[in-house]
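Before any comments, here is the structure.
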């Protein structure tokens, strides 16, 4: 074909060029028989955009983090790009920049939770419903509850840590709700067009604090801290409006935060390093939870 179109090249030149291209693109060779057969790697994206070295390093580092966060069904879409970046780095191993990914790691500051198991057909139905503005019929069950059949109007997808959530309205209601996708027993795309609420915006919805769960109102948190926690929060604040000062023989914290379950989980996780002074409601909740914990351990 090349000769017929005016290109004077030898078979060896073509093989050498293909070998060079395989360092950048998702192509490989079956060298078990003659002549060698070149082909695209399975599930490779057939775009002809090369991966620059800086992109390959970034993708290699991102892969470490995303593997801890995303379910396998979502990682599958990115797998060809990750493989392409690894191939690029391997080919350029003598370049110091290519070896950076061997010297950088992600390490979480919290208890690492594994992604839930997801059915690919359910994820696909949810994604198509969002893209094509169509309703989906689902079977949904919270932990230890009976499944409910619902018709949902998909509004947005949110990855909260290792768990993907669908924001949607459930017919005939118009208020947005949050559904954990791994709790769908089934999801079927319908031909009915979805009916989203007027003026719904995903960013605006997230700004309400809905994904922190809880009351979500703003409060002024006051507490005493241990020296180690005071040092940590000085470097990594829990709020833009935070003050930490040493007075009356104690480290005092004042911070404007949202009243959420996440806040209480965090306070409880710090144990004796934090003593809540106000608001009284949160202080009482923390005290009651700690009393119950002690009671459980005393059994």
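Numbering (the working numbering), first residue to last: 18 to 316. For every residue, glycine included, the Cβ atom is placed at its ideal position computed from N, Cα and C.
Secondary structure of residue i, DSSP reduced to three states
| i | result |
| --- | --- |
| residue 160 | coil |
| residue 3 | The question about residue 3 has no answer here: the residues shown for the chain are numbered 18 through 316. |
| residue 120 | coil |
| residue 300 | helix |
| residue 218 | coil |
| residue 63 | Residue placement at residue 63 cannot be trusted, given a pLDDT of 45 that sits under 50; what the coordinates show is reported in the next sentence. Coil at residue 63, not helix or strand. |
| residue 82 | helix |
| residue 182 | strand |
| residue 188 | coil |
| residue 36 | helix |
| residue 213 | coil |
| residue 165 | strand |
| residue 277 | coil |
| residue 311 | helix |
| residue 52 | coil |
| residue 155 | strand |
| residue 225 | coil |
| residue 208 | strand |
Residue from the options with nearest C-alpha to residue i
| i | options | result |
| --- | --- | --- |
| residue 241 | 203, 291 and 216 | 291 |
| residue 152 | 189, 126, 130 and 162 | 189 |
| residue 287 | 303, 298, 297 and 296 | 303 |
| residue 235 | 179, 26, 257 and 253 | 257 |
| residue 161 | 216, 200, 212 and 279 | 200 |
| residue 132 | 97, 177 and 120 | 177 |
| residue 263 | 23, 96, 248 and 315 | 248 |
| residue 145 | 33, 266, 209 and 24 | 209 |
| residue 109 | 279, 39 and 54 | 39 |
| residue 81 | 93, 71, 99 and 116 | 99 |
| residue 269 | 29, 243, 149 and 49 | 243 |
| residue 120 | 283, 31 and 77 | 77 |
| residue 211 | 150, 35 and 33 | 150 |
| residue 116 | 53, 71, 36 and 46 | 71 |
Residue i and residue j closer than 7 Å at C-beta
| i | j | result |
| --- | --- | --- |
| residue 169 | residue 184 | no |
| residue 204 | residue 139 | yes |
| residue 102 | residue 73 | yes |
| residue 191 | residue 214 | yes |
| residue 260 | residue 294 | no |
| residue 202 | residue 164 | yes |
| residue 229 | residue 281 | no |
| residue 130 | residue 179 | yes |
Return the chain-ordered ranges of every alpha helix (DSSP H) run that is complete within the segment 241 to 268 and spans a minimum of 4 residues. 244 to 252
Given 8 Å, three or more beta-carbon pairs between the segment 146 to 161 and the segment 191 to 201: yes
Mind the definition here: the segment 209 to 221 touches the segment 264 to 276 only if three or more C-beta pairs lie below 8 Å; say whether that holds. no
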